[in-house]
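Every letter in the sequence shown is one number past the one before it in this note's numbering, and letter 244, counting from 1, is 283. For every residue, glycine included, the Cβ atom is placed at its ideal position computed from N, Cα and C. Below is one structure, written out as structure tokens, with a few remarks after it.
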Amino acid sequence: MSLLEVTSLVVACIPILIYLIVLSSERGMKERSGVEEEMLPMVSILISVRNESTNLRRLCVSLQELNYPTDKFEILIGDDGSDDDSLAILSEYAQSHWRIFSYHHDVYGKQQTLKKMYQEAKGDMLLFTDADMSIPSGWVSTMLRGVDEGKVLQLGLTKVRETGWFSVFQSIDWVSNQLLIKWLSDRGMFLTAWGNNMCLSKSTLEAVRFESLPDSVVEDVSLMRTMIRLGGEVRVNDDVEAIAITQAEISFKSVIQQRMRWLQGVVELPIRYSLLAFVKILFLPLVLFLSFYQPVWLLLILAKALVLTLLLYKNQLLNLSFNRFVSICFIDLYEVAIYFSSFALHVLPVKFEWKGRKYR
Numbered sequence: 040m041s042l043l044e045v046t047s048l049v050v051a052c053i054p055i056l057i058y059l060i061v062l063s064s065e066r067g068m069k070e071r072s073g074v075e076e077e078m079l080p081m082v083s084i085l086i087s088v089r090n091e092s093t094n095l096r097r098l099c100v101s102l103q104e105l106n107y108p109t110d111k112f113e114i115l116i117g118d119d120g121s122d123d124d125s126l127a128i129l130s131e132y133a134q135s136h137w138r139i140f141s142y143h144h145d146v147y148g149k150q151q152t153l154k155k156m157y158q159e160a161k162g163d164m165l166l167f168t169d170a171d172m173s174i175p176s177g178w179v180s181t182m183l184r185g186v187d188e189g190k191v192l193q194l195g196l197t198k199v200r201e202t203g204w205f206s207v208f209q210s211i212d213w214v215s216n217q218l219l220i221k222w223l224s225d226r227g228m229f230l231t232a233w234g235n236n237m238c239l240s241k242s243t244l245e246a247v248r249f250e251s252l253p254d255s256v257v258e259d260v261s262l263m264r265t266m267i268r269l270g271g272e273v274r275v276n277d278d279v280e281a282i283a284i285t286q287a288e289i290s291f292k293s294v295i296q297q298r299m300r301w302l303q304g305v306v307e308l309p310i311r312y313s314l315l316a317f318v319k320i321l322f323l324p325l326v327l328f329l330s331f332y333q334p335v336w337l338l339l340i341l342a343k344a345l346v347l348t349l350l351l352y353k354n355q356l357l358n359l360s361f362n363r364f365v366s367i368c369f370i371d372l373y374e375v376a377i378y379f380s381s382f383a384l385h386v387l388p389v390k391f392e393w394k395g396r397k398y399r
């Protein structure tokens with residue numbers, strides 16, 4: 040083998056090695072008890088809504104089924120200038136402990152809405168989720184566990200609702216990356232945060248002056264970085280009752296728009312993490328390059344798929360089946376297409392759309 044082939048082989052094996060390390064160190068997802076009933080704090084759940092009429096009923100039903108004393112939590116929902124039936128649907132489902140607000144912003148609407156509701160919140164602990172989510176009944180008490188131990192930003196795992204091949208790829212991409220982020224967070228390496236399944240204390244938000252954070256389309260990442268600078272930490276809760284379900288993007292274009300927004304939070308990562316992500320995406324191109332000389336190297340795709348399948352199954356994030364394994368075998372094709380396209384458009388002077396507004 041030439042030096043180029045050897046180098047390509049070594050780099051291609053890095054993602055497999057990473058998944059093996061995570062697999063060997065993960066004990067698997069377990070159901071754990073939440074907060075003791077006599078110690079239940081007052082909780083505020085904050086949700087920003089903009090033109091979510093197709094998703095709100097599912098969210099509202101899951102909110103109504105939360106297993107937490109209604110005198111111990113409130114739900115604050117801020118409508119960010121919707122022009123569909125969102126407000127009417129919210130009024131239909133609202134209960135006595137729900138508070139609905141209506142705001143109008145030109146840009147950064149979600150962040151501005153959350154900032155205003157945070158100042159209205161009565162809870163000692165705050166949970167954040169999105170309008171396209173559905174959450175398990177034990178979500179509140181499960182997400183509260185350990186958050187009162189200093190400046191802690193706790194995240195729950197998020198799965199994508201699987202309705203077809205395209206959504207399956209999105210789900211595999213989401214949960215596999217979240218498990219890597221959890222593994223790194225457990226070792227004090229904090230990469231990112233996701234605001235659709237997030238919990239922290241109100242005192243922590245006061246300490247970081249949440250209402251004064253700079254405008255951002257990745258308000259969750261902005262919050263996380265401010266916390267880390269002030270000595271906080273990020274934890275990923277892998278309890279089954281902390282797993283929330285989000286709706287899949289419906290088209291390649293909408294996924295690209297989503298990833299372009301997320302890239303706004305990635306550009307400030309230390310170079311070592313950016314290189315690690317780049318190596319992960321290079322896996323398929325390198326394997327195809329190696330197979331041009333020796334087709335046997337295509338087996339690396341099967342090896343990586345097998346390790347990733349075991350990791351997701353061990354953490355109860357995957358229903359084991361032949362079709363699911365086939366999807367994992369092709370996940371690298373999906374990731375190459377999505378992430379290379381997103382990065383190219385990010386570098387070019389191309390705007391992306393989010394919540395009906397354009398950003399750069």
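Taking buried to mean at least 16 other C-beta atoms within 10 Å of its own C-beta, is residue i buried or exposed?
{"i": "Ser47", "result": "buried"}
{"i": "Leu341", "result": "exposed"}
{"i": "Asp110", "result": "exposed"}
{"i": "Asp371", "result": "buried"}
{"i": "Lys292", "result": "exposed"}
{"i": "Lys390", "result": "exposed"}
{"i": "Leu115", "result": "buried"}
{"i": "Leu123", "result": "According to the sequence shown, residue 123 is Asp rather than Leu. Counting Cβ neighbours within 10 Å, Asp123 comes out exposed, since fewer than 16 surround it."}
{"i": "Gln134", "result": "exposed"}
{"i": "Val335", "result": "exposed"}
{"i": "Phe361", "result": "exposed"}
{"i": "Leu219", "result": "buried"}
Just checking my contact of residue i with residue j at CB under 8 angstroms: how many whole Å lie between their CB atoms?
{"i": "Gly162", "j": "Phe112", "result": "7 angstroms"}
{"i": "Ile57", "j": "Pro175", "result": "In fact, because the Cβ distance is near 29 angstroms, the residues do not count as touching under 8 angstroms."}
{"i": "Lys279", "j": "Gln355", "result": "Strictly speaking, residue 279 in this sequence is Val, with Lys absent from that position. That belief holds up - the Cβ atoms of Val279 and Gln355 are roughly 6 angstroms apart, short of 8 angstroms."}
{"i": "Gln103", "j": "Tyr132", "result": "7 angstroms"}
{"i": "Trp213", "j": "Val191", "result": "Actually they are not in contact, since the Cβ atoms of Trp213 and Val191 sit about 23 angstroms apart, beyond 8 angstroms."}
{"i": "Asp404", "j": "Ala232", "result": "Residue 404 lies beyond the range of the chain shown here (40 to 399); nothing can be said about it."}
{"i": "His144", "j": "Gly117", "result": "The Cβ separation is near 10 angstroms, so there is no contact."}
{"i": "Leu338", "j": "Val50", "result": "No, Leu338 and Val50 are not in contact; Cβ-Cβ is about 17 angstroms, not under 8 angstroms."}
{"i": "Ala62", "j": "Val257", "result": "It should be pointed out that residue 62 corresponds to Leu in this sequence rather than to Ala. About 29 angstroms separates the two Cβ atoms, so there is no contact after all."}
{"i": "Leu302", "j": "Ser381", "result": "6 angstroms"}
Out of the options, which one is the CA nearest neighbour of residue i?
{"i": "Ser251", "options": "Ser380, Val257, Ile320 and Leu262", "result": "Leu262"}
{"i": "Gln193", "options": "Arg300, Val273 and Met164", "result": "Val273"}
{"i": "Met78", "options": "Tyr107, Val247, Asp119 and Gly271", "result": "Tyr107"}
{"i": "Thr202", "options": "Thr265, Arg184 and Ile284", "result": "Ile284"}
{"i": "Asn358", "options": "Ile289, Val207 and Ser330", "result": "Val207"}
{"i": "Ile60", "options": "Val386, Leu387, Arg396 and Leu350", "result": "Leu350"}
{"i": "Arg196", "options": "Thr243, Gln209, Asn236 and Phe317", "result": "One point to set straight first is that residue 196 is Leu, not Arg, in the sequence displayed. Here the closest residue by C-alpha is Asn236."}
{"i": "Ser130", "options": "Gln150, Lys149, Arg96 and Lys155", "result": "Arg96"}
{"i": "His136", "options": "Ala376, Tyr373 and Ile84", "result": "Ile84"}
{"i": "Leu43", "options": "Asp225, Phe167 and Leu329", "result": "Leu329"}
{"i": "Lys241", "options": "Ile267, Ile220, Ala127 and Val186", "result": "Val186"}
{"i": "Leu166", "options": "Val82, Ile377 and Pro334", "result": "Val82"}
{"i": "Asp277", "options": "Val305, Gly304 and Asp225", "result": "Asp225"}
{"i": "Leu153", "options": "Ser41, Val306, Ile220 and Val88", "result": "Val88"}
{"i": "Trp222", "options": "Gly270, Ser64, Arg300 and Ile86", "result": "Ser64"}
{"i": "Thr168", "options": "Val45, Gln209, Ile86 and Leu230", "result": "Ile86"}
{"i": "Ser255", "options": "Arg399, Ser173, Ile55 and Pro80", "result": "Arg399"}
{"i": "Val275", "options": "Ala344, Ile310, Arg184 and Gln150", "result": "Arg184"}
Could you please give me the residues that DSSP links to residue i through a beta bridge?
{"i": "Glu404", "result": "Since the first residue shown for the chain is 40 and the last is 399, residue 404 is missing from the structure and cannot be characterised."}
{"i": "Ser215", "result": "Answer by DSSP bridge pairing: none, since Ser215 is not bridged."}
{"i": "Asn276", "result": "Gly195"}
{"i": "Leu239", "result": "Leu165"}
{"i": "Thr285", "result": "Met172 and Val199"}
{"i": "Leu85", "result": "Leu115 and Phe167"}
Indicate, with yes or no, if the ligand ATP has a heavy atom lying under 8 angstroms from the CB of residue i.
{"i": "Trp178", "result": "With respect to small molecules bound, the structure shown includes none, and the ligand ATP cannot be examined in it."}
Entirely enclosed alpha helix (DSSP H) segments - the region 156–212, minimum 4 residues: Fully enclosed alpha helix (DSSP H) runs of 4 or longer: 178–183.
Residue ranges of each alpha helix (DSSP H) within the region 309–354, 4 or longer: As far as the region 309–354 is concerned, its whole alpha helix (DSSP H) runs of at least 4 residues are 310–332 and 338–353.
Those runs of the beta strand (DSSP E) which lie wholly inside the region 115–147 and span at least 3 residues: Those beta strand (DSSP E) runs which fall completely within the region 115–147 and span 3+ residues are 137–142.
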